[in-house]
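Visitor: I'd like to ask you about the structure that follows.
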Amino acid sequence: MRGGAFWEWLRPSFSVFARLSERFSPSPRPSPRGGEGDSGGEGTVTLVGAGPGDPDLLTVAAVKALAAAEIVLYDALVGDGILDLAYPKAERICVGKRSGRHSLPQGEINALIAFHARRGKRVVRLKGGDPMVFGRAGEEIEHLDSLGIPVRVIPGITAALGCAASTGLSLTKRGVSRAVTFVTAHGRDGERFEPDWARLADPQGTLAIYMGREQARAVGQGLTGAGLPAGTPVLAVENGCRPDERRYWTTLGRMAEQGVAAGKGPTLLLVGEALRPRQSGAADALAGTADPIDLRALGDLAQGFDHD
-17 MRGGAFWEWL RPSFSVFARL SERFSPSPRP SPRGGEGDSG GEGTVTLVGA
33 GPGDPDLLTV AAVKALAAAE IVLYDALVGD GILDLAYPKA ERICVGKRSG
83 RHSLPQGEIN ALIAFHARRG KRVVRLKGGD PMVFGRAGEE IEHLDSLGIP
133 VRVIPGITAA LGCAASTGLS LTKRGVSRAV TFVTAHGRDG ERFEPDWARL
183 ADPQGTLAIY MGREQARAVG QGLTGAGLPA GTPVLAVENG CRPDERRYWT
233 TLGRMAEQGV AAGKGPTLLL VGEALRPRQS GAADALAGTA DPIDLRALGD
283 LAQGFDHD
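Numbering (our numbering), first residue to last: -17 to 290.
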């Protein structure tokens, strides 16, 4: 079952059953953190980082976990090439947003993971990037720990690091950028995007803003309003580390006015002087994937600094 029309029809009833099963089961003893010992006949849960999209960037541990899984609950951003590494007979359940259908509420995802683990199954909860970076893994771990269900976490390459590698741009640079800050521009439903711009507007740091396309103008306005120069380079990476990756260069000031020209794919915003191309030839190297108008907005591309 791959989460098709039948699963969409069955899912509401199944979710209710899973939550009732969890609620009225006997309260177990607390589990050892990440333990591999006796689980009282129950299954196990592994939170696996799927990385930024390229199956070749998975860890060996992630591949082993997928190959052994009986149940795989995956987010919509996890590519088919990664799911193909799962055990062929494993049940695959999409719990993420796709094709206009919203993801399951987090409480229902928690209940679904616990339900399958209590059936004695080896459950893999597959998350894009790294589970511990904006992946709500902490909520799932706390829930499973409270039920005495063993949990193991396998890290993955988070989007910012994957995009930095694919573009060949270091997020830090000696004498230019001494820190990297991860920020999410996607809050809970109804939650306003109001970060502490004064704290984030560090001219000696690099910002990696996850899911930033829709908030690009607000980011540009907030950072320039807090004092970061309007000429600060910005690189928007859409579908990072995938075959359809696209890159869009702009500046903070231009982004404050126009946003970014990225498409509908997940988009990471990288902001900071460390991203400024080292020499004018760098513009030509990126021209095939970057928006030409935004490239010109960078101004004097010849000005730059040596990498570490």
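Heads up, the beta-carbon is just placed ideally off N, CA and C, and yes, glycines get one too.
Here the structure is a predicted model, which is why all the values come from computation and not from measurement.
Which two residues bound the contiguous alpha helix (DSSP H) that contains threonine 206?
Guide: Start and end: 198 to 207.
Visitor: What are the start and end residues of the beta strand (DSSP E) that includes glycine 33?
Guide: Looking at the DSSP string, glycine 33 is not in any beta strand (DSSP E), and its letter there is neither H nor E.
Visitor: Helix, strand or coil, according to DSSP, for threonine 232 in the structure here?
Guide: The answer is strand: DSSP assigns threonine 232 an E or B state.
Visitor: Would you kindly report the start and end of the unbroken alpha helix (DSSP H) that includes leucine 55?
Guide: No alpha helix (DSSP H) holds leucine 55; the beta strand (DSSP E) holding it covers 53 to 56.
Visitor: From the DSSP output, read off the bridge partner residues of cysteine 76.
Guide: Per DSSP, Tyr56.
Visitor: Sorted by chain position, which residues of the same chain lie with C-beta nearer than 6 Å to valine 162's C-beta, five sequence neighbours on each side aside?
Guide: Cβ within range, chain order: Leu153, Thr188.
Visitor: If you measure from the beta carbon of alanine 119 to each beta carbon in chain D, is any gap under 8 Å?
Guide: No chain D appears in this structure, which consists of one protein chain only.
Visitor: Are the beta-carbon atoms of threonine 249 and glycine 204 separated by less than 8 Å?
Guide: No, they are not a contact pair.
Visitor: Can you give the Cα-Cα distance for glycine 222 and valine 77, rounded to whole angstroms?
Guide: Between glycine 222 and valine 77, the C-alpha separation is close to 22 Å.
Visitor: Give every residue of the same chain whose Cβ lies closer than 7 Å to the Cβ of alanine 256, excluding the five residues on either side of it in the sequence, and list them in chain order.
Guide: Cβ within range, chain order: Ser152, Leu153, Thr154, Lys155, Val158, Ser159, Thr188.
Visitor: Along the chain, where does the beta strand (DSSP E) containing glycine 187 start, and where does it finish?
Guide: Run containing glycine 187: 187 to 192, per the beta strand (DSSP E) assignment.
Visitor: Would you mind working out which of Gly241, Ala44, Phe164 sits nearest valine 106, comparing C-alpha positions?
Guide: If we check each option's Cα against that of valine 106, Ala44 comes out closest.
Visitor: Looking at the unbroken alpha helix (DSSP H) that takes in glutamate 121, where does it start and where does it end?
Guide: Start and end: 119 to 128.
Visitor: Buried or exposed for aspartate 38, please, with buried defined as at least 16 other CB atoms from any protein chain shown within 10 angstroms of its CB.
Guide: Label assigned to aspartate 38: exposed.
Visitor: Relative to the C-alpha of leucine 143, which candidate in Gly25, Leu252, Val30, Ile64 has its C-alpha closest?
Guide: Leucine 143 has its Cα closest to that of Leu252, out of Gly25, Leu252, Val30, Ile64.
Visitor: Would you call glutamine 186 buried or exposed, if buried means 16 or more other Cβ atoms sit within 10 Å of its Cβ?
Guide: Result: exposed.
Visitor: Could you say which of Leu67, Glu73, Val219, Asp62 lies nearest to alanine 141 if we only look at CA atoms?
Guide: Out of Leu67, Glu73, Val219, Asp62, Val219 has the C-alpha closest to the C-alpha of alanine 141.
Visitor: For arginine 291, count neighbouring Cβ atoms within 10 angstroms of its own Cβ and tell me buried if that reaches 16, exposed if not.
Guide: No answer is possible for residue 291: the residues shown for the chain start at -17 and end at 290.
Visitor: Restricting to Cα atoms, I'd like to know which of Phe116, Ile131, Asp178 is closest to glycine 102.
Guide: Nearest C-alpha to glycine 102: Ile131.
Visitor: For threonine 28, which residues does DSSP report across the bridge?
Guide: Paired residues: Val106, Arg134.
Visitor: Give me the Cα-Cα distance between threonine 26 and serine 85, rounded to the nearest whole angstrom.
Guide: Rounded to the nearest angstrom, the two C-alpha atoms are 23 Å apart.
Visitor: Measure the alpha-carbon distance for alanine 208 versus glycine 117 and round it to whole angstroms.
Guide: Distance between the alpha carbons of alanine 208 and glycine 117 is about 28 Å.
Visitor: Give me the Cα-Cα distance between alanine 51 and lysine 109, rounded to the nearest whole angstrom.
Guide: C-alpha separation (whole angstroms): 14 Å.
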